Amino acid sequence: MPSDGHRALRIAQVAPLHESVPPRLYGGTERIVSYLTESLVDAEHDVTLFASGDSCTAARLVACCGRALRLAGCSEALAWNVAMIEQVARRAHEFDLVHFHIDYLHFSVSWRETYRHVTTMHGRLDLPDLVPVFWRFADMPVISISDAQRRPLPYLAWQGTVYHGLPEELYHFEPRRGDYLVFLGRISPEKRLDRAIEIARRTGYRLRVAAKIDRADRDYFTDAIAPLMRQRHVEYLGEIDEPAKQDLLGGALALVFPIDWPEPFGMVMVEALACGTPVIAYRGGSVSEVIDHGVTGFICDDLDQAIAAVSRVHELSRATCRRVFEARFTAARMTQAYVSIYRRILDHTHDRRDQPDPRGVLHPRDQHARG
24 MPSDGHRALR
34 IAQVAPLHES
44 VPPRLYGGTE
54 RIVSYLTESL
64 VDAEHDVTLF
74 ASGDSCTAAR
84 LVACCGRALR
94 LAGCSEALAW
104 NVAMIEQVAR
114 RAHEFDLVHF
124 HIDYLHFSVS
134 WRETYRHVTT
144 MHGRLDLPDL
154 VPVFWRFADM
164 PVISISDAQR
174 RPLPYLAWQG
184 TVYHGLPEEL
194 YHFEPRRGDY
204 LVFLGRISPE
214 KRLDRAIEIA
224 RRTGYRLRVA
234 AKIDRADRDY
244 FTDAIAPLMR
254 QRHVEYLGEI
264 DEPAKQDLLG
274 GALALVFPID
284 WPEPFGMVMV
294 EALACGTPVI
304 AYRGGSVSEV
314 IDHGVTGFIC
324 DDLDQAIAAV
334 SRVHELSRAT
344 CRRVFEARFT
354 AARMTQAYVS
364 IYRRILDHTH
374 DRRDQPDPRG
384 VLHPRDQHAR
394 G
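This is how it looks when you write it as structure tokens:
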């Protein structure tokens, strides 16, 4: 029986097929699915994971493709995901609840079925082209990963906000302050590696860069970033695995997170805190929910503020950064929050057609269609 005294739940976790669970290198959503799945198993729930066949889990694995689609060079990822959604729907009666992590791809199928489900939204929600699908399925139960993430779509049937969490032992505390800055994640226009390079140059520190380059961002990298990477203070490491992250983050003076978009969560900030490394971040999206300004890092609005923040990093306690991680961002805490939402959903009716429309009014383009 789980430690909360309630009966064990039969839960299906449905992961993206782009990366394995956990991913071998970069892959934020798949890592969270892995941490949640293993934590649920540890809590004695009956868990089935729908994911790529090269995934590794203590749960029951249903292989929905042979290997992660990115590594397999798949050109028709949507086909594999559609097949997985149908497979989940046919087996949904086996579970108390199905937890989706594939954004809105399953909405049309799940809306017409009676099985209990919930979806964590892992990406940005401020894009105008997303409005039609979310307006039509505004009553689907969804979970945000930050309060900031849900602001563009306040009328959705939000079940709660659950911050990402990491296994407490995944990273260890490094008390010594390093002598370089680090940029970790993905090279794309919104992540602003160019800002990080300039911050390091202006403050006289080395910048170590460990980042993935998606196919869609290769031209951006070639045209805008590659010339900047030739500067002597920049070291490019490519994509790195978990052990390398410990060494890189733990040995840094600070993580530089100079984003230029509404960041849904920013898991690299939590990874840095787990090592005791403070964060210098630009304001945007979830940043102010994750970082306590003047305590675990500095939140900046421009380049001058970021440069000044580097000179003040010595004022911050690395031990406090680690304590904040342990209090707010562990996988155990994340799992408890999700299980509470699962049980609340199971305690209430799930027939959305008997519930009021959470938008209050129909979208103007839909009024004529419903009469």
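Counting from 24, one number per residue, gives the positions in the sequence shown under our numbering.
Heads up, the beta-carbon is just placed ideally off N, CA and C, and yes, glycines get one too.
Bear in mind that the values here come from a model prediction, so they are computed numbers and not experimental data.
- The three-state secondary structure of SER309, taken from DSSP, is coil.
- CA-to-CA, the gap between SER133 and LEU193 works out to about 35 Å.
- Cβ-Cβ separation between GLY289 and VAL313: approximately 6 Å, consistent with a contact (criterion under 8 Å).
- PHE123 places its beta carbon 8 Å or farther from that of PHE160.
- Residue environment for PRO177: exposed (fewer than 16 other C-beta atoms within 10 angstroms of its C-beta).
- Here DSSP, grouped into helix, strand and coil, assigns TRP103 to helix.
- Look at VAL154 here: in three-state DSSP terms it is helix.
- Judged by their CB atoms, VAL37 and ILE125 are nearer to each other than the 8 Å cut-off.
- Counting along the chain, TRP134 sits inside the alpha helix (DSSP H) bounded by residues 130-134.
- One Cα belongs to ASP315, the other to ASP119, and the distance between them is close to 38 Å.
- Taken through DSSP and simplified to helix, strand or coil, HIS68 comes out as coil.
- In this structure, the CA atom of LEU251 is about 40 Å from the CA atom of THR142.
- ALA223 sits buried, since 16 or more C-beta atoms from the chains shown fall within 10 Å of its C-beta.
- The beta carbon of TRP103 sits closer than 8 Å to the beta carbons of LEU40, CYS87, CYS88, LEU92, CYS97 from its chain, once the five residues preceding and following it are set aside; these are given in chain order.
- In the displayed model, CYS79 falls within coil according to three-state DSSP, outside both helix and strand.
- Per DSSP, LYS214 is not a residue of any alpha helix (DSSP H), being assigned neither H nor E.
- Closest in C-alpha terms to PHE206, from the list ASP162, ALA247, ARG199, GLU294, comes GLU294.
- Its Cα nearest to that of ARG346, the residue LEU296 stands out among LEU296, LEU72, GLY307.
- In terms of Cβ geometry, ALA171 and SER309 form a close pair [threshold 8 Å].
- GLU53 sits away from VAL64, with the two beta carbons spaced by 8 Å or more.
- In this structure ARG225 is not in contact with TYR203, their Cβ atoms being roughly 15 Å apart against a cut-off of 8 Å.
- For GLN36, there is no enclosing alpha helix (DSSP H); the enclosing beta strand (DSSP E) has its first and last residue at 33-37.
- Rounded to whole angstroms, LEU179 and ASP162 show a C-alpha spacing of 6 Å.
- Per DSSP, ALA275 lies in no alpha helix (DSSP H) and is assigned neither H nor E.
- Taking the Cα of ARG253 as reference, the smallest distance to any Cα among VAL232, GLY317, LYS268 is reached at VAL232.
- Rounded to the nearest whole angstrom, the C-alpha separation of GLY307 and ALA95 is 34 Å.
- Minimum Cα-Cα distance from THR319 among the listed residues ARG367, THR343, GLU286 corresponds to THR343.
- For SER98, no beta strand (DSSP E) encloses it, and the DSSP letter there is neither H nor E.
- LEU189 is a Cβ neighbour of PHE352, given a cutoff of 8 Å.
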